[in-house]
Amino acid sequence: MAIKTVVKATPKPETGFLGALSGLKSLLVGLGITGRAFVDKQVTVHYPRETVENEALEGYRGHIELVGLDDNPAESRCIMCMKCMRTCPSGCISIKSKLHKHITPENRVKEVEHHGDSLTPVLLRPVPHPKKGRKELTKFNVDFSLCSLCGICVQLCPAHALRHSQRIYWSEFDRKDFDIDLIERLKRQAEEK
Amino acid sequence: MSSFAAIPEPAVRLVLAIVILAAFVGLNGLLLVWMERKVAGHIQRRPGPFEVGPHGLLQPLADALKLIGKQLVMPRGADPWLYWAAPILSFMPVFVLFLPIHFGPGLYGYDMNLGLLLILAFAGFNVLALCLAGWGSNSKWGLLGAARAVSQSVAYEIPLLLSVLAIVFMTGTLDLGKTVELQGSWPWQWNVMTQPLAFFIFFVCALAETNRAPFDLPEAESELTAGFHTEYSGMGFGLFFLAEYAEMIVVCSLAVVLFLGGWKGPIMDGPWWFLAKMYALLTIMMWFRWTYPRVRFDQVLNLCWKWFIPLALVNLFITAVLVKL
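First to last, the sequence lines map onto chains D and W.
Position 59 of the first sequence, counting from 1, maps to 59 under my numbering, and the rest follow consecutively.
Position 231 of the second sequence, counting from 1, maps to 424 under my numbering, and the rest follow consecutively.
What follows is the structure, given as structure tokens:
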């Protein structure tokens, strides 16, 4: 059973004198288009005289940052599973944690209803935590000079502890200034709120 | 201003003229680079250069300094004589091309009755320079670019000549000063009214001769990695660049003198009208560059051999018949 297809022949370019005249007319039409574009308002944002306002930045993928807990925004949701560190293709995340052996753990990272894209893994149960002892995040650095912004760490994190920041206007004079301490950034953000 | 012609010693006048013209070409090169980038920017709805100097006015200066500071590299296997002669040969004739042009009443470099012939003859040097550049580079892109450039330039010289010849038939002189004087002050008295087809053919052939878009295949950035000047860096490239802009100024000046009434204008005749018309034509050239896509190479040559040459011949024939009557 053949599928009925409608084949449209490509229109032949007009040749001859009439073709040349219609071609010349199209040239003038083109000039009109660019002429109008010359006097129209510019569509680029002229940094640093103009900047993009925050409302337009939704979904912007800046460098990654830690997400705070609901009841204590200065502390991150990170459970120190090291998945992001191991999976990063550029190897730019460095994490250090400390285990306090004699403290009873409490599971403060509850399940989350995510609103991310279809690739974000769905969190169905409370995030697993060690049976005894409590881990404390002592260092979480990301070297942005190596980061490729692939977003795999954000997708992979089982605790949804990472998200892309919206820091678009960031420039430094030294490559070392791109190695950022995310714990300190989270604390500062919690204070500013 | 007309006292320039009153300086008695012709050698002194010539040297003074060449010095002034060298400054004119140099300054205009800088101005045109800035104008090109600004026109390109605004057509693409963005500001163009803005930071270096007010509204980017010092940007070409910064570019020139950068080019001067770059290392002069020659590819392995390249012929040093040809390779280094090409940019110099491209740039040197430009000063001579300006001598016969009358910028104002009595403002000219050298009064000669064969001014037009001089310009057309020395404009052919560019073809030789392209040839040497492409061959001497020892690079396939350079060679292809040069081959295309040479065939394009040679082809488009013919309708250029024929359209200019139509004006010569009408005025009966090759002297550019007399050509301007024979035109009137008002736009309907200019030669473009009696020879519109010749003006059109001249302008398009001028675009093709100077390798400007849409005929810029020889230096096609996306197709030939910069064509015949692929292997040039620093000042070698800078000289080609300057030569191209200077040639643009020459053909626009020639168009103004031959077709648009030279330094004559409605209210007050003078060099300001010449400059205004010249810059208007240059802006139109830049407008064309950022509007039209590049023409395919066989289409370029087809256009020349099958359309412009017959049209120019027909125009010439009609002019000859009408002049004789």
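Glycine residues also receive a C-beta, built at the ideal position from the N, C-alpha and C atoms.
With 16 other Cβ atoms within 10 Å as the buried cut-off, status of residue i
{"i": "W:Ala204", "result": "exposed"}
{"i": "W:Val212", "result": "exposed"}
{"i": "D:Ile33", "result": "exposed"}
{"i": "D:Ala9", "result": "exposed"}
{"i": "W:Trp381", "result": "exposed"}
{"i": "W:Lys457", "result": "buried"}
{"i": "W:Gln264", "result": "exposed"}
{"i": "W:Leu353", "result": "buried"}
{"i": "W:His295", "result": "buried"}
{"i": "D:His102", "result": "exposed"}
{"i": "D:Glu191", "result": "exposed"}
{"i": "D:Tyr47", "result": "exposed"}
{"i": "W:Met478", "result": "buried"}
{"i": "D:Thr5", "result": "exposed"}
{"i": "W:Val289", "result": "buried"}
{"i": "D:Met80", "result": "buried"}
{"i": "D:Glu202", "result": "With chain D covering 1 to 193 only, the question about residue 202 of chain D has no answer from this structure."}
{"i": "W:Lys231", "result": "buried"}
{"i": "W:Leu292", "result": "buried"}
{"i": "W:Tyr438", "result": "buried"}
{"i": "D:Ser118", "result": "Note that D:Ser118 scores 49 on pLDDT, short of 50, meaning its location in the model is unreliable and no value can be drawn from it."}
{"i": "D:Leu124", "result": "Below a pLDDT of 50, predicted positions are generally treated as unreliable, and D:Leu124, at 49, falls in that range; no measurement from the model is reported."}
{"i": "W:Met461", "result": "exposed"}
{"i": "W:Pro242", "result": "buried"}
Cross-strand partners of residue i (DSSP beta bridge)
{"i": "D:Leu137", "result": "D:Ser97"}
{"i": "D:Val142", "result": "D:Ile93, D:Ile180"}
{"i": "D:Ser76", "result": "D:Gly68"}
{"i": "W:Gly270", "result": "Note: W:Gly270 sits in no beta bridge, so no partner."}
{"i": "W:His235", "result": "In the DSSP output, where bridge partners are listed per residue, W:His235 has none listed."}
{"i": "D:Leu162", "result": "D:Leu66"}
{"i": "W:Leu300", "result": "W:Gly297"}
CB of residue i within 9 Å of CB of residue j, strictly
{"i": "W:Ala279", "j": "W:Ala322", "result": "yes"}
{"i": "D:Arg185", "j": "D:Leu66", "result": "yes"}
{"i": "W:Gln345", "j": "W:Asn404", "result": "yes"}
{"i": "W:Asp368", "j": "W:Leu307", "result": "yes"}
{"i": "D:Cys84", "j": "D:Leu162", "result": "yes"}
{"i": "W:Asn331", "j": "W:Gly270", "result": "yes"}
{"i": "W:Ala216", "j": "W:Gly302", "result": "no"}
{"i": "W:Phe392", "j": "W:Phe452", "result": "yes"}
{"i": "W:Thr512", "j": "W:Ala359", "result": "yes"}
{"i": "D:Tyr60", "j": "D:Gln189", "result": "no"}
{"i": "W:Gly338", "j": "W:Gly327", "result": "yes"}
{"i": "W:Ala401", "j": "W:Cys497", "result": "yes"}
{"i": "D:Leu182", "j": "D:Ser26", "result": "no"}
Nearest neighbour of residue i, chosen from the options [CA to CA]
{"i": "D:Leu69", "options": "D:Ala159, D:Asp181, D:Thr87, D:Lys41", "result": "D:Ala159"}
{"i": "W:Leu390", "options": "W:Thr366, W:Leu355, W:Ser344", "result": "W:Leu355"}
{"i": "D:Gly30", "options": "W:Trp383, W:Thr364, W:Ile236, W:Asn221", "result": "W:Ile236"}
{"i": "D:Leu146", "options": "D:Gly16, D:Val6, D:Lys176", "result": "D:Lys176"}
{"i": "W:Arg238", "options": "D:Ala37, D:Val142, D:Val45, D:His46", "result": "D:Ala37"}
{"i": "W:Leu475", "options": "W:Phe452, W:Ala348, W:Ser446", "result": "W:Ser446"}
{"i": "W:Leu225", "options": "W:Phe315, W:Asp462, W:Ile442, W:Asp304", "result": "W:Ile442"}
{"i": "D:Cys78", "options": "D:Asp143, D:Leu28, D:Lys193, D:Cys157", "result": "D:Cys157"}
{"i": "D:Pro89", "options": "D:Gly62, D:Ala74, D:Val142, D:Pro105", "result": "D:Val142"}
{"i": "D:Cys92", "options": "D:Lys132, D:Leu24, D:Met82", "result": "D:Met82"}
{"i": "W:Gly219", "options": "W:Phe467, W:Ala469, W:Glu440, W:Lys499", "result": "W:Glu440"}
{"i": "W:Ile394", "options": "W:Val516, W:Ala505, W:Ala257", "result": "W:Ala505"}
{"i": "W:Glu207", "options": "W:Val450, W:Val444, W:Leu300, W:Pro411", "result": "A small fix is needed here, since residue 207 of chain W is Leu in this sequence, not Glu. Among W:Val450, W:Val444, W:Leu300, W:Pro411, the Cα nearest to that of W:Leu207 is on W:Leu300."}
Helix, strand or coil at residue i according to DSSP, with G and I counted as helix
{"i": "D:Glu65", "result": "strand"}
{"i": "W:Ser283", "result": "helix"}
{"i": "W:His295", "result": "coil"}
{"i": "D:Leu124", "result": "Any answer about D:Leu124 is weak, because its pLDDT of 49 lies below 50 and its placement is not dependable; what the coordinates show is given next. In the structure shown, D:Leu124 sits in coil (DSSP, three-state: anything other than H, G, I, E or B)."}
{"i": "W:Ile460", "result": "coil"}
{"i": "W:Val488", "result": "coil"}
{"i": "W:Met194", "result": "Confidence at W:Met194 is low in this model, with a pLDDT of 45, below 50, so its placement is unreliable and no value can be given for it."}
{"i": "D:Lys12", "result": "coil"}
{"i": "W:Pro545", "result": "Because residue 545 of chain W is not part of the residues shown, which for chain W are 194 to 518, the question remains open."}
{"i": "W:Ile211", "result": "helix"}
{"i": "W:Asp256", "result": "helix"}
{"i": "W:Asn331", "result": "coil"}
{"i": "W:Glu374", "result": "helix"}
{"i": "D:Thr44", "result": "coil"}
{"i": "W:Met363", "result": "helix"}
{"i": "D:Gln189", "result": "helix"}
{"i": "D:Arg167", "result": "coil"}
{"i": "W:Ser446", "result": "helix"}
{"i": "D:Cys153", "result": "helix"}
{"i": "D:Ser22", "result": "helix"}
{"i": "D:His102", "result": "coil"}
{"i": "W:Pro203", "result": "helix"}
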